[in-house]
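**Q** Each residue of the sequence shown is one higher than the one before, counting from 1 in full-length UniProt numbering. The C-beta atom is built at its ideal place from N, Cα and C for all residues, glycine as well.
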Amino acid sequence: MAEKNEFFKSKIVRDFTKDIEQYHLGPLWDAIPDLMHRQPTPQAEAYLWKWKTLYKKLMEATEIFTPERGGERRAIYFQNPGLTYRKPWGWASTTQTLYAAVQLILPGEVAPSHRHSQSALRFISQGKGAYTIVQGERIFMEEGDYLITPKGLWHGHGHPGDEPMIWMDCLDIPTIYSIGGTFFDPYPDGIEQPKVPDNYSSQRYEGGMVRPISDREPKIAPLGSYKWKQTEAAIQGLKRFDPDPYDGYAVEYINPSTGKQANPTISAWMQLLPKGFHSKAHRHTHSTIYHVYKGSGYSIINGVRFDWESGDFFVVPNWAWHEHVAEKDSYLFSANDLPIMERFDVEREEAYEENNGFQQVTDEFQPVFV
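1. In the structure shown, what three-state DSSP assignment does T231 receive?
2. Among Q230, A61 and D247, which one has its Cα closest to the Cα of Y253?
3. My output table needs one value for R240: the three-state DSSP class, helix, strand or coil.
4. To the nearest angstrom, how far is it from the Cα of E63 to the Cα of Y77?
5. Under 7 Å Cβ to Cβ from A262, same chain only, skipping five residues before and after it: list those, please.
6. When the Cα atoms are used, what is the spatial distance from K195 to R138?
7. Q103 and W29: beta carbons closer than 8 Å?
8. If contact is defined by three or more beta carbon pairs under 8 Å, each pair taking one atom from either stretch, is the segment 151-167 in contact with the segment 101-121?
9. Let's test the definition: count the other Cβ atoms within 10 Å of the Cβ of S10 and tell me whether it reaches 16, buried, or not, exposed.
10. Using the beta-carbon count (16 or more within 10 Å), is N355 buried or exposed?
11. Could you tell me which whole beta strand (DSSP E) segments of length 3 or greater appear in the segment 41-93?
12. Cβ atoms of R122 and residue 371: under 8 Å apart, would you say?
13. Is A101 helix, strand or coil by DSSP?
14. Within the same chain, show all residues whose beta-carbon is closer than 7 Å to that of G208, passing over the 5 residues directly before and after it, in chain order.
15. Measure the CB-CB distance between T265 and N318 and report whether it falls below 8 Å.
16. What number of angstroms, rounded off, separates the C-alpha of T84 from the C-alpha of A46?
17. Considering only their Cβ atoms, is the gap separating Y352 from W308 smaller than 8 Å?
18. What's the gap between the Cα of A75 and the Cα of Y177?
19. Where K56 and M270 are concerned, what is the direct C-alpha to C-alpha distance, given to the nearest angstrom?
20. Apart from the five residues just before and just after P339, which ones in its own chain have a Cβ nearer than 6 Å to its Cβ?
21. What does a CB cutoff of less than 6 Å around P27 pick up in its chain, not counting 5 residues either side in sequence?
22. So the beta strand (DSSP E) Q271 belongs to, where does it begin and stop?
23. Leaving out five residues on either side along the sequence, give the residues of the same chain with a beta carbon under 8 Å from the beta carbon of V361.
24. Given Y290, which residues of its chain have a CB within under 6 Å of its CB, disregarding the five upstream and five downstream residues?
25. Suppose contacts are defined by Cβ-Cβ distances below 8 Å. Is A281 in contact with G357 by that definition?
26. For Q126, which three-state DSSP category applies?
27. So, using beta-carbon positions, are Q135 and L171 closer together than 8 Å?
28. State the beta-bridge partners of D363 as determined by DSSP.
29. Quick check on G357: does DSSP put it in helix, strand or coil?
30. Spatial neighbours of Y187 within its chain, please: CB distance less than 7 Å, with the 5 preceding and 5 following residues excluded, ordered by chain position.
31. Would you kindly work out how many angstroms separate the C-alpha atoms of V316 and I20, rounded to a whole number?
32. Classify K294 as helix, strand or coil using the three-state DSSP reduction.
Here you go:
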């Protein structure tokens, strides 16, 4: 960052700075040290939310909020404590750029269709029997599935099953809000009706990484649902080889017609950390939201230990040193803003060189319980 010298503290500079403020002008000579740092200094904080608390609050919400009483979705989002200053609603920021939430739908409920300029993804945590309908395709959701809803597509949810269903949502709400690109349209007839057979796209892609020849031309969402069995098989195949030193056995969900990430602005991964695996520490410009699908362990983020178990969510802010330790075989689903950073050509990665690549633990995170 540029340095401020003693001259900037002088009366003549302070008086001139105050003078131009009345004309809605600003002093770059004074502002540049705070605006152009030598490296990222994120305001988002590393944080962890416990599944026990999330589940209890979701169940309490079922007694208060129903589709019939208004509101688009029964969703509770993860508000990063370092970003609450953003008005309104902290921009619903889980990281600098991304929103994440847990959503619950009960049997018999219908969440109306709508569309918006934000891209969305879902990872199914618990339950069965519910569906999402995207552009006329009804997709029944199962635990471990990954689903996408790129910007501008009609989508709603319904639940003809017999037990509650919970999933993680992630959208680029803070990014779109910050650039003034928010658009939202309610579907005129409540929930969209099917136009193609149920689970149409996943049936077309039952062969895994082969695609119908009609999808040689790029499409925004040729595959709407990525089934857990195929994802797990891909990771098991990787286990024949050495794990990545930073991320274990990890795969990225991609658009089969483009080879790029499945959602335009959000990348999503599933990774397996085998029992006893201790990754080396690194940091990168993109931020990451983790959901512990299965297993237990801990992560060290900027020297602070965060213990996690199945169902928990935690955030690694951008440019934060982090490493993971698995106490059981652990599957971590994650969403990140790597595509945004790559689009602006600011993505960088750096390995932790001290102590053979491992951080010293200086503190332990204490979660808030109900």
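**A** Checking against the coordinates, here is how it stands:
1. Residue 231 sits at position 231 when you count from the first residue of the sequence shown. In the structure shown, T231 sits in a helix (DSSP, three-state: H, G or I).
2. To locate residue 253, count along the sequence shown from 1; it is residue 253. Ranking Q230, A61 and D247 by Cα distance to Y253 puts Q230 first.
3. The sequence position of residue 240 within the sequence shown is 240, counting from 1. Coil at R240, not helix or strand.
4. Residue 63 sits at position 63 when you count from the first residue of the sequence shown. Residue 77 sits at position 77 when you count from the first residue of the sequence shown. Cα to Cα, E63 sits roughly 18 Å from Y77.
5. One-based indexing of the sequence shown puts residue 262 at position 262. Closer than 7 Å at Cβ, skipping near neighbours: I148, Y253, I254, N255 and A268.
6. Within the sequence shown, residue 195 is the residue found at index 195, counting from 1. Within the sequence shown, residue 138 is the residue found at index 138, counting from 1. Rounded to the nearest angstrom, the two C-alpha atoms are 8 Å apart.
7. As a working mapping, residue 103 is identified with position 103 in the sequence shown. As a working mapping, residue 29 is identified with position 29 in the sequence shown. No. Outside cutoff.
8. yes
9. The residue given as residue 10 occupies position 10 in the sequence shown. Counting Cβ neighbours within 10 Å, S10 comes out exposed, since fewer than 16 surround it.
10. Start at 1 with the first residue of the sequence shown, and residue 355 comes out as number 355. Exposed: under 16 other Cβ atoms inside 10 Å.
11. 47-49 and 75-77
12. In the structure as shown, the chain begins at 1 and stops at 370. Residue 371 is therefore absent and cannot be evaluated.
13. Within the sequence shown, residue 101 is the residue found at index 101, counting from 1. Residue state, collapsed to three classes: strand.
14. Along the sequence shown, read from residue 1 onward, the residue named residue 208 stands at position 208. Cβ neighbours of G208 beyond the five flanking positions: Q230.
15. Mapped onto the sequence shown, residue 265 falls at position 265. Mapped onto the sequence shown, residue 318 falls at position 318. Not in contact: T265 and N318 (Cβ atoms no closer than 8 Å).
16. Translated into positions along the sequence shown, residue 84 becomes position 84. Translated into positions along the sequence shown, residue 46 becomes position 46. Each residue's Cα considered, the two are about 14 Å apart.
17. Numbered from its first residue, the sequence shown carries residue 308 at position 308. Numbered from its first residue, the sequence shown carries residue 352 at position 352. It is not a contact, given that the beta carbons lie outside the stated cut-off.
18. Here residue 75 corresponds to residue number 75 of the sequence shown, with the count starting at 1. Here residue 177 corresponds to residue number 177 of the sequence shown, with the count starting at 1. Going by the C-alpha atoms only, they are around 19 Å apart.
19. Stepping through the sequence shown from its first residue, residue 56 is reached at position 56. Stepping through the sequence shown from its first residue, residue 270 is reached at position 270. Each residue's alpha carbon lies about 26 Å from the other.
20. On the sequence shown, position 339 is the one that residue 339 refers to. Counting only Cβ-Cβ distances below 6 Å, and skipping sequence neighbours, we find Q261, T265 and S267.
21. Position 27 of the sequence shown, counted from the first residue, corresponds to residue 27. Same-chain partners within the cutoff: T17.
22. Taking the first residue of the sequence shown as position 1, residue 271 is located at position 271. S267 to L273 is the span of the beta strand (DSSP E), which, as asked, contains Q271.
23. Residue mapping note: residue 361 aligns to position 361 of the sequence shown, counting from 1. Taken in chain order, the residues that qualify are I300, G303, V304 and R305.
24. Within the sequence shown, the letter at position 290 stands for residue 290. The residues are F314, L332 and S334.
25. The sequence position of residue 281 within the sequence shown is 281, counting from 1. The sequence position of residue 357 within the sequence shown is 357, counting from 1. The answer is yes: Cβ separation under 8 Å.
26. As a working note, residue 126 is residue 126 in the sequence shown. If DSSP states are grouped into helix, strand and coil, Q126 belongs with the strands.
27. What you label residue 135 is simply residue 135 of the sequence shown in a count that begins at 1. What you label residue 171 is simply residue 171 of the sequence shown in a count that begins at 1. It is not a contact, given that the beta carbons lie outside the stated cut-off.
28. Counting from 1 along the sequence shown, the entry for residue 363 is found at position 363. Beta-bridge pairing links D363 to V304.
29. On the sequence shown, residue 357 is found 357 positions in, with the first residue counted as 1. Correct three-state label for G357: helix.
30. Counted from its first residue, the sequence shown places residue 187 at position 187. The residues are P112, S113, H114, W154 and G156.
31. Taking the sequence shown and counting its residues from 1, one reaches residue 316 at position 316. Taking the sequence shown and counting its residues from 1, one reaches residue 20 at position 20. Computed Cα separation, rounded: 40 Å.
32. Numbered from its first residue, the sequence shown carries residue 294 at position 294. Strand, per DSSP.
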